[in-house]
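Engineer: Taken in order, the sequence shown gives residues 1 to 120; the numbers are from UniProt numbering.
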Amino acid sequence: MRIQAFAELTGLTAHTLRYYEKLGLLVPGRNAAGHRDYRQSDIDWAAFIRRLKATDMPLEEIQRYAALRSQGEGTAAERRALLAEHAERLERRLAEQVVHLERLKENMAWYDRELLKNRA
Numbered sequence: 001m002r003i004q005a006f007a008e009l010t011g012l013t014a015h016t017l018r019y020y021e022k023l024g025l026l027v028p029g030r031n032a033a034g035h036r037d038y039r040q041s042d043i044d045w046a047a048f049i050r051r052l053k054a055t056d057m058p059l060e061e062i063q064r065y066a067a068l069r070s071q072g073e074g075t076a077a078e079r080r081a082l083l084a085e086h087a088e089r090l091e092r093r094l095a096e097q098v099v100h101l102e103r104l105k106e107n108m109a110w111y112d113r114e115l116l117k118n119r120a
């Protein structure tokens, strides 16, 4: 499929897709006219890249993962290790966010008590 259709399916802009191609993250095929020709597997891969980005994996690490992926099954252990390291960082960040949320709720509860006092 052409880049515009692929962009609509993935939620990424054509500009972002070209940038990812420049970084080596996406490597679409080319049709006889030389136009990009994305496949279903590219949709799945783009969704995975989006997930990594949404969880704040640095582009350099995504590039490393993509390079390993392109080398085939022999790199499965290294790819898994990259994902495990990222998952650990994400778990730490989520735990920090839970603490921040608890503190915000404590502050909100204080305001609720103060507002109730002022109404009485």
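By construction, the Cβ of each residue, glycine as well, lies at the ideal position given by its N, Cα and C atoms.
What's the call for residue 110, buried or exposed, on a 16-neighbour Cβ count within 10 Å?
Structural biologist: Counting Cβ neighbours within 10 Å, residue 110 comes out exposed, since fewer than 16 surround it.
Engineer: What number of angstroms, rounded off, separates the C-alpha of residue 121 from the C-alpha of residue 54?
Structural biologist: Look at the range of the chain in this structure, 1 to 120, and you will see that residue 121 is not part of it.
Engineer: Kindly indicate which residue of 113, 59 and 78 has the alpha-carbon position closest to the one of residue 23.
Structural biologist: That would be 59, whose Cα lies nearest to the Cα of residue 23.
Engineer: Can you give the beta carbon distance from residue 29 to residue 39, rounded, assuming they're within the 8 Å contact cut?
Structural biologist: The pair is a contact, with the Cβ atoms about 7 Å apart (cut-off 8 Å).
Engineer: Between residue 70 and residue 104, what straight-line distance do the alpha-carbon atoms span, to the nearest angstrom?
Structural biologist: Rounded to the nearest angstrom, the two C-alpha atoms are 44 Å apart.
Engineer: What first and last residue would you give for the alpha helix (DSSP H) that runs through residue 64?
Structural biologist: First-last of the alpha helix (DSSP H) with residue 64: 59-70.
Engineer: Mind checking which residues open and close the alpha helix (DSSP H) that includes residue 19?
Structural biologist: Looking at the DSSP string, the run of the alpha helix (DSSP H) that includes residue 19 is 14-23.
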